[in-house]
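One line per chain: the protein sequences are A and B, in this order.
First residue of the first sequence: 8, per the numbering used here; consecutive thereafter.
First residue of the second sequence: 4, per the numbering used here; consecutive thereafter.
Below is one structure, written out as structure tokens; comments come after it.
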Amino acid sequence: MRSLVFILMIPFFCTVTSFAAGQDQASAPAEKPDQPRFRLGAYFEGWMLNDKNLKSFFHHSQRNLWGFEASVHTLYNIDVWATYRIYTDETKTTHYGNTDKFRIDATSVGLIYRPVVWSALEPFIGAGVEIYSYSEKLEGDTDIPDTSGNAIGFHAQAGTYINITKFLAGKLFVRINGVKKTLDKALPDGTTKLDLGGKEFGIGLVARF
Amino acid sequence: MKRFMFMALLLAAALSLQAQEMKVEIRKMTEGFTGNQRFPAVAENVKGERIYTFRGNDLYSHYYYYKNGTWSGGGRIPGSPRYGNYWFSDIVADSTGTFHYVCEDASKALYYGFFKDGTWASMRKIDIRHEATLALGVRSDDTVVLVSAMVAVGGGITKDVIVGTKPAGKTIFSNFQNITGDRNANTMVDAAIDADDNTWISYKMEFPGDGKDILDTILHGVNKSGKDIYWKNVSDQTGWTWYSRVAINSDGKIMVTWMRSQHRAYFSCLFDPLTKKWTEFQEISDGPLRPWCTMYNKLLARESDFYWVGLTGDRMVVLYKYDAEHNSWIKLADVSDRAAYWCSAHMGSDSILITWDNQAEPTSCYLTTVSGIFPPPLPKVQSVSNLVVVKRIERSFFHGYSLNILSWEDNPLNAEQGITIAAHRVYRKERTADSSQWALISALAADVYSLEDKSIASDIDYVYAVTCVDSNGDESPIVDPSEEPSETTRLPGSRWSSVRSDR
């Protein structure tokens with residue numbers, strides 16, 4: 008499923024980028040002439056899921072992880088932006104103690120608007136969609152089957168770039184996700200609601216060119 | 004008192020008329036007591052322990068405890084009320100060796116207490132409108148059955164026979180059912196449990212107000228659900244019959260005895276539930292006619308035989324054995340050395356235990372042990388000890404299931420009796436299901452002492468029993484767990500309960 012998500016994202020990203028490039032030419036006089044078109048970055052973040060059952064079962068309210076992002080400038084200081092990160096957690100099954108690994112492959116696609124540049128700071132806000140692929144796998148002999156599924160939601164984010172050089176910027180951000188799913192089969196605690204939304208906050212480095 | 008207790012008078016009298024090896028031992032149990040001690044009863048459990056109870060001169064219940072060949076302990080039973088009119092009592096022992104004791108404060112209330120491993124549980128009042136007489140029985144699952152005569156609603160001379168039960172592990176009798184529910188006065192109850200756990204009850208039925216002045220002996224069978232399976236007027240004689248007794252032998256045949264006032268004699272009749280046929284009335288003859296109120300007697304069964312203990316006309320306690328071939332009774336022994344007021348009896352493992360108190364005041368209580376009548380029984384295999392059930396949940400985040408983890412230990416009684424265990428069998432039922440719902444879920448080797456039961460529904464409360472099968476293929480009885488459900492804890496994020504979570 009993760010492969011499928013990427014395959015779907017590529018034409019979407021290319022289409023938006025091509026459209027943006029054309030628009031950029033048309034609207035170029037309204038923009039800063041030396042603005043870089045592409046940004047590639049990596050960040051380190053804390054991710055706090057909303058789902059109380061998940062946090063209780065895996066005994067973690069927050070996981071720290073690496074993420075990667077890319078964006079392309081379109082027009083009016085608006086970028087098309089995407090990121091990919093992997094949320095993982097691990098615990099033991101309640102009685103037999105088999106290792107239980109949980110994972111979310113999270114892809115976000117959206118738009119970012121950078122209204123102003125204040126000295127080295129370049130704040131932004133943004134919004135977009137969340138595309139998650141989750142799985143739970145158990146190791147060893149067990150009667151419990153593995154599980155996988157997908158969920159889609161939205162996000163809103165805010166932060167700032169900190170321009171260090173012409174080609175390099177730091178980044179601070181906060182992102183809020185809303186990703187809920189109704190499960191076909193209830194969890195052992197009886198609920199069918201799965202809330203994979205949450206809050207992310209992080210710091211990163213972005214290359215601009 | 005203890006000094007006198009341990010120096011108790013031991014009278015051995017070769018009073019037997021028949022068996023060469025029969026031995027009659029009379030023991031004065033209340034040596035040192037002053038005043039009138041009354042209404043003794045006795046029972047023996049599978050461990051060979053005995054409890055002897057009586058109403059003391061202080062009008063409380065007292066007891067002595069017999070273990071490893073020695074009478075000891077004794078004293079007032081905890082929680083015993085001070086009786087206004089103590090008369091009837093009964094003691095039975097279940098398959099675990101627990102004694103169950105019920106006694107009456109006639110026309111007022113019944114009281115129940117149990118004795119296990121040398122300790123009494125404080126006696127409690129049983130919440131029924133008790134009139135007089137009672138009897139106990141034990142089903143194969145250790146449910147104790149109480150049969151009693153109750154003051155009927157509305158009072159007067161109308162009385163009814165009621166049956167209540169106390170499942171194994173519970174401490175109160177409940178589920179009382181009025182099995183007569185008529186306008187007749189039904190009292191003088193006795194009860195016996197057959198191999199199918201049906202309860203056979205004998206009682207005196209009085210027909211009030213019709214001018215005939217008839218009291219007859221009834222045999223009334225009810226199944227575990229309290230549904231009638233049999234009813235018959237057994238005596239069907241003119242005049243009054245009193246103090247019926249009932250017992251069931253290993254062939255399933257049912258003996259009923261009663262006293263008939265006009266003949267001043269005891270009669271018996273044997274019923275075969277398979278053929279539904281009764282034998283002719285048979286008098287339990289003992290020479291002189293009995294004066295009124297020597298009516299106390301007790302009927303016992305062992306293997307295919309029946310034994311009867313009662314009072315003669317001169318109030319001596321005698322022991323009879325039924326001769327099935329000739330439908331007659333044969334006197335085995337005189338078992339008292341003086342005139343008695345009261346008598347009762349219990350079938351021990353290798354002897355008949357007969358309790359009585361003497362007629363002349365101040366009265367004392369005695370125990371006569373009649374041994375050598377039959378060989379000691381072969382030891383019976385017992386179920387496992389210390390069965391523990393722990394409910395657990397095995398789950399990932401998305402999936403899970405409940406499982407019950409059972410563990411148990413060897414019952415030391417089996418080793419003590421030289422019994423070799425060949426296998427264990429695990430049974431399961433829903434807690435609220437009756438004992439007919441036990442289902443075999445696993446047969447395990449004798450050296451396996453645990454089981455994980457995964458084939459359960461998470462929202463059902465199960466109970467388990469683990470039996471032992473000996474090298475002869477005999478299986479111990481299924482015993483309901485004596486423990487209440489263990490403490491329940493809640494796992495985070497789970498509606499499933501985990502019992503005794505010990506991870």
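Don't be surprised by glycine CBs; every beta carbon is placed ideally from N, CA and C.
Note down the Cα distance separating G116 (chain B) from Q420 (chain B), rounded to an integer number of angstroms.
Approximately 29 Å between the Cα atoms of the pair.
Using a beta-carbon distance cut-off of less than 9 Å, what residues from the stretch 338 to 354 of chain B approach chain A?
Hits within the stretch: zero.
For V164 (chain B) versus Y206 (chain B), is the C-beta spacing smaller than 8 Å?
For the pair V164 (chain B) and Y206 (chain B), the CB atoms are nearer than the 8 Å cut-off.
Along chain B, in chain order, which residues have C-beta atoms closer than 8 Å to that of L61 (chain A)?
Neighbours of L61 (chain A) on chain B, chain order: F400.
Same chain, Cβ closer than 6 Å to S253 (chain B), five either side skipped, listed in chain order
Closer than 6 Å at Cβ, skipping near neighbours: E306 and S307.
CA-to-CA distance, G167 (chain B) to S155 (chain A), given in whole angstroms
Going from the Cα of S155 (chain A) to the Cα of G167 (chain B) covers about 56 Å.
What residue range is occupied by the uninterrupted beta strand (DSSP E) comprising N88 (chain B)?
Careful: N88 (chain B) lies outside any beta strand (DSSP E) and carries neither H nor E.
Boundaries of the beta strand (DSSP E) in which F118 (chain B) is found, first to last residue:
Membership of F118 (chain B) in the beta strand (DSSP E) is indicated by the continuous run A112 to K119.
Taking a cut of 7 Å between CB atoms, which residues from the stretch 41 to 56 of chain A lie near chain B?
So nothing in the stretch comes that close.
What residues in its chain sit with their C-beta under 6 Å from that of V392 (chain B), if we drop five residues either side in the sequence?
Cβ-Cβ distances below 6 Å link V392 (chain B) to N407, L409 and Y467 in the same chain, with the five nearest sequence neighbours on each side left out; the list follows chain order.
Is it buried or exposed, Q265 (chain B), if we count other Cβ atoms within 10 angstroms and call 16 or more buried?
By the 10 Å Cβ count, Q265 (chain B) comes out exposed.
Assigned exposure category for S247 (chain B) - 16 Cβ within 10 Å defines buried
Burial call: buried.
Please go through the stretch 83 to 112 of chain A and give each complete beta strand (DSSP E) segment of 3 or more residues, from N-terminal end onward.
Counting whole runs of 3 or more residues, the stretch 83 to 112 of chain A contains the beta strand (DSSP E) stretches 85 to 99.
Measure the beta-carbon distance from F180 (chain A) to G209 (chain A) and round it to whole angstroms, keeping in mind my assumption that it falls under 8 Å.
F180 (chain A) to G209 (chain A), Cβ: 6 Å. Contact.
Closest to S388 (chain B) by CA distance: which of B:A138, B:P415 and B:V49 is it?
It is B:P415.
From the DSSP secondary-structure annotation, give me the bridge partner or partners of H80 (chain A).
According to DSSP, which records beta bridges pairwise, H80 (chain A) is partnered with A:D86.
Alpha carbon to alpha carbon, what distance is there between S92 (chain B) and G197 (chain A)?
Distance from the CA atom of G197 (chain A) to the CA atom of S92 (chain B), rounded to whole angstroms, is 53 Å.
Given P81 (chain B), which residues of its chain have a CB within under 6 Å of its CB, disregarding the five upstream and five downstream residues?
The residues are W123 and S125.
How about L194 (chain A): is its C-beta nearer than 8 Å to some C-beta of chain B?
Yes, L194 (chain A) lies at the interface with chain B (some Cβ there is under 8 Å from its Cβ).
Every unbroken beta strand (DSSP E) within the stretch 140 to 217 of chain B, with a cutoff of 3 residues, ordered by chain
Qualifying beta strand (DSSP E) stretches, in chain order: 147 to 154, 162 to 169, 177 to 181, 188 to 196 and 202 to 209.
Taking the alpha helix (DSSP H) that P415 (chain B) falls in, what are its first and last residues?
Note, P415 (chain B): alpha helix (DSSP H), P415 to E419.
Quick one: Cα of I196 (chain B) to Cα of V259 (chain B), how far?
Taking the straight line from one Cα to the other gives about 13 Å.
Compare the Cα-Cα distances from Y91 (chain A) to each of A:E76, A:H66 and A:P130 and report the closest residue.
The shortest C-alpha separation from Y91 (chain A) is found at A:E76.
Would you identify the three-state DSSP class for A35 (chain A), choosing helix, strand or coil?
Because A35 (chain A) sits at a pLDDT of 39, beneath the cut-off of 50, its placement in the model cannot be relied upon, and the following sentence gives the value as read from the coordinates. In this structure, A35 (chain A) counts as helix in the three-state DSSP scheme.
Quick one: what does DSSP say N57 (chain A) is sitting in, helix, strand or coil?
Assignment of N57 (chain A) by DSSP, reduced to helix, strand and coil, places it in the coil class.
Does DSSP classify S238 (chain B) as helix, strand or coil?
It is coil, neither helix nor strand.
So, are the CB atoms of V312 (chain B) and I357 (chain B) less than 8 Å apart?
In contact: V312 (chain B) and I357 (chain B) (Cβ atoms closer than 8 Å).
Count the CB pairs spanning the stretch 394 to 403 of chain B and the stretch 99 to 115 of chain A that are closer than 8 Å, and state whether there are at least three.
With contact defined as three or more Cβ pairs closer than 8 Å, the stretch 394 to 403 of chain B and the stretch 99 to 115 of chain A are in contact.
Quick check: the stretch 93 to 100 of chain B against the stretch 126 to 145 of chain B, are there 3 or more CB pairs under 8 Å?
The stretch 93 to 100 of chain B makes contact with the stretch 126 to 145 of chain B, as at least three CB pairs between them are under 8 Å.
Buried or exposed (CB count within 10 angstroms, at least 16 for buried), E283 (chain B)
Flag for E283 (chain B) reads exposed.
Could you check if E487 (chain B) is buried or exposed, using at least 16 other CB atoms within 10 Å of its CB as the buried criterion?
The predicted model places E487 (chain B) with a pLDDT of 38, which falls under 50 and marks its position as unreliable; any figure quoted below should be read in that light. Answer is exposed; the Cβ neighbour count stays below 16.
Closest Cβ-Cβ distance between L406 (chain B) and chain A: below 8 Å?
Output row for L406 (chain B): interface = yes.
Strictly by DSSP, which residues pair up with K70 (chain B)?
As computed with DSSP, K70 (chain B) is found in a beta bridge with B:T73.
Closer than 6 Å by C-beta to K235 (chain B): which residues in its own chain qualify, once you throw out the five before and the five after it? Chain order, please.
L222, listed in sequence order.
Just verifying my parser: in three-state terms, what is the DSSP assignment at K324 (chain B)?
In the three-state reduction of the DSSP assignment, K324 (chain B) falls in the strand class.
Got a sec? Which residues, its chain only, sit under 7 Å from G210 (chain B) by beta carbon, not counting five neighbours each side?
The sequence given here has Phe at residue 210 (chain B), not Gly. Correct list, in chain order: N187 and I217.
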